[in-house]
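Q: Sending over a structure as structure tokens; questions will come in a sec.
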Amino acid sequence: MLKIIKRSRLLLSVAVLSGSAVAFFTSNQYAALKLAFNYWDPLAVTEYRLKRLSTEEFISEIQSSIDEGNLSDAEETVNLALEYGHPIPQRLIEQSKEGMFQTGLRWSTAFGNGFVFGNMDSVQAITGTILSDFVLVGDIRDLSTEGGKLLLGEDYDTVTLGLAAFGATTSTAALLAWAGIVGTAGASSPAATAATGLDNSVSIIKTAHKFGKISKKLTENVFRITKDAVNVNKLKTSISALPSAIKSPSSAQIMSAVRKVNFKDVVNGKTDDITKVLVEITPVDLKKVSNLTDGLLSQKATNELTELASINYKILATAGPRISFKALEIADNAKDMNKIGTIATKFGKKSSSILKVLGKKAYKLGKLSYWLATLLIGVLGWVLWTAWLLLSITRGTMRLLVKSAGKA
């Protein structure tokens, strides 16, 4: 009787373990287990989070972007939702799109606002802001405004002033390379490409700060770097001499440059032609500005800002300016920025929607780590139970073999 009970218990254990194994490997818990062994990989965290989002959550984010008038984000979120198998109402799909005329009008208006005033309401405004800084218009404006306040003893924005001083230096270096003033490699050289990318990254950091879109911890870090980093005596000379460094292009130069612009590309957000035009008719005496900005910022601050801007450029180069802004808004430190850079490399421009929907959860486990720890304990218990069962079956089999051998 005891043998029957013992065998029944073993058979029941086998059945329970087999059933639990099938249920586990076909459930969300198996995906969570894989995440537990790859918790350090931001891509594993992002993929897990995306696969757990509901259709309702995607629809809510799409509707929110449409209500805000941010159709680019809305359309990208629609594409992301469809890619992960979520049925999105046709009404929302249509509302997330806009016609060529509306696109052109929005592009030109937003680009102009970004170039003149420095704005980040859309990717077009961001492009205008970046190119404004690229030709030193934005940096000179900020140096004059914040530097003037400093010299008058008024309250000024330490971060904006420091980034403008750094940006003026990187812009000058990039423009000199583009214009072929320094060396003969021209804009296609790796050095020129790197200088331009670094300068664009600095512009994004500065603009994000001015609009309060950098996380608190990152802002504190940049403030520490830029505090007392500007050479006041050099600043006095620079501000007084900057107006003479501005040169206006002739009407013939403007007409010649405009003819080279493909406005269809401009409407589609491609700015290579605009960049070439701005280089050709840049309103700044680059050699003079180079002398005025040399030594304006301490070497220590320059090195630290270069490191931060280089990390940000990785995101900018792989996924675009909107994702770069979002990274600065949610990242706490350089480590977070690097994780977002990994996500941007994998998902490209879709990273914008991913960061909008998931936020920090795109690369941080948060409370999920406690659940994963509980899951690992459960899996460990299952493994120990399986080991005990296999040991019991093995011992029982060995006894049977010994008895059979004795009878023979």
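Heads up: the sequence shown runs through residues -23 to -1, 1 to 385, numbered per mature numbering (1 follows the signal peptide of the UniProt record, and there is no 0).
Glycine included, each C-beta is placed from N, C-alpha and C at the ideal position.
1) For residue 386, count neighbouring C-beta atoms within 10 Å of its own C-beta (all shown protein chains included) and say buried if the count is 16 or more, exposed if not.
2) In this structure, does DSSP put residue 274 in helix, strand or coil?
3) Could you compute how far the alpha carbon of residue 212 sits from the alpha carbon of residue 299?
4) In the DSSP output, which residue or residues are listed as bridge partners for residue 207?
5) Do the segment 58 to 65 and the segment 301 to 320 touch if we need at least three Cβ pairs shorter than 8 Å?
6) Considering only their Cβ atoms, is the gap separating residue 191 from residue 274 smaller than 7 Å?
7) So, do the segment 214 to 222 and the segment 264 to 281 have three or more beta carbon pairs nearer to each other than 8 Å?
8) So, with DSSP's three-state summary, where would you put residue 117?
9) Give me the residue from 208, 327, 186 with the minimum Cα distance to residue 296.
10) Consult DSSP for residue 61 and reduce its assignment to one of helix, strand or coil.
11) Considering Cα atoms alone, identify which of 71, 180, 132 is closest to residue 118.
12) What do you get for residue 335, buried or exposed, if any count of 16 or more other CB atoms within 10 angstroms of its CB means buried?
13) Give me the residue from 195, 153, 137, 265 with the minimum Cα distance to residue 217.
14) For residue 287, which three-state DSSP category applies?
15) On the three-state DSSP scale, how would you describe residue 262?
16) Taking the straight line between their C-alpha atoms, what separation do you get for residue 198 and residue 209?
17) Enumerated in chain order, which unbroken segments of the beta strand (DSSP E) with a length of 3 residues or greater are wholly contained in the segment 308 to 342?
18) DSSP three-state call for residue 189: helix, strand or coil?
19) Where does the unbroken alpha helix (DSSP H) through residue 133 begin, and where does it stop?
20) How would you call residue 44, buried or exposed, if buried means at least 16 neighbouring beta carbons within 10 angstroms?
21) Residue 55 to residue 207, Cα distance in whole Å?
22) Could you give the DSSP three-state label for residue 31: helix, strand or coil?
23) Should the segment 119 to 136 be regarded as contacting the segment 282 to 296, the criterion being three or more beta carbon pairs within less than 8 Å?
24) Can you give the Cα-Cα distance for residue 341 and residue 281, rounded to whole angstroms?
25) Do you know offhand how far residue 42's Cα is from residue 129's?
26) Using the three-state DSSP reduction, which class does residue 24 fall into: helix, strand or coil?
27) Could you give the distance in angstroms between the alpha-carbon of residue 57 and the alpha-carbon of residue 293?
28) What three-state label does DSSP hand residue 66 in the structure shown?
29) DSSP three-state label for residue 47, please.
A: With the structure as the only source:
1) With the chain running from -23 to 385 in the structure shown, residue 386 is simply not present.
2) The answer is strand: DSSP assigns residue 274 an E or B state.
3) Between the alpha carbons of residue 212 and residue 299 lies a distance of about 32 Å.
4) 274.
5) Taking 8 Å as the limit for Cβ pairs, the verdict is that the segment 301 to 320 does not touch the segment 58 to 65.
6) No Cβ-Cβ contact shorter than 7 Å links residue 274 with residue 191.
7) Remark: three or more beta-carbon pairs, one from each stretch, lie closer than 8 Å, so the segment 214 to 222 and the segment 264 to 281 are flagged as touching.
8) Residue 117 sits in a helix when the DSSP states are folded into three classes.
9) The residue with the shortest Cα to Cα distance from residue 296 is 327.
10) In this structure, residue 61 counts as coil in the three-state DSSP scheme.
11) Looking at the Cα atoms, 180 is the closest of the given residues.
12) Buried, because 16 or more other Cβ atoms sit within 10 Å of the Cβ of residue 335.
13) Looking at 195, 153, 137, 265, the one whose alpha-carbon comes closest to that of residue 217 is 265.
14) Note: residue 287 maps to helix in three-state DSSP.
15) Residue 262: coil per DSSP, three-state reduction.
16) If you draw a straight line from the Cα of residue 198 to the Cα of residue 209, it is about 22 Å long.
17) Fully contained in the segment 308 to 342 is no beta strand (DSSP E) run of length 3 or more.
18) In the three-state scheme derived from DSSP, where H, G and I count as helix and E and B as strand, residue 189 is classed as coil.
19) In the DSSP annotation of this structure, residue 133 is not part of any alpha helix (DSSP H), being labelled neither H nor E.
20) Residue 44 counts as exposed, since fewer than 16 other C-beta atoms from the protein chains shown sit within 10 angstroms of its C-beta.
21) Roughly 46 Å between the two C-alpha positions.
22) Three-state result, residue 31: coil.
23) Between the segment 119 to 136 and the segment 282 to 296, the count of Cβ pairs shorter than 8 Å is below three; the stretches do not touch.
24) Straight through space, the alpha carbons of residue 281 and residue 341 are spaced by roughly 26 Å.
25) Distance between the alpha carbons of residue 42 and residue 129: 43 Å.
26) Helix, per DSSP.
27) Rounded to the nearest angstrom, the two C-alpha atoms are 20 Å apart.
28) Under the three-state reduction of DSSP output, residue 66 falls in the coil class, being neither helix nor strand.
29) DSSP places residue 47 in coil when its eight states are reduced to three.
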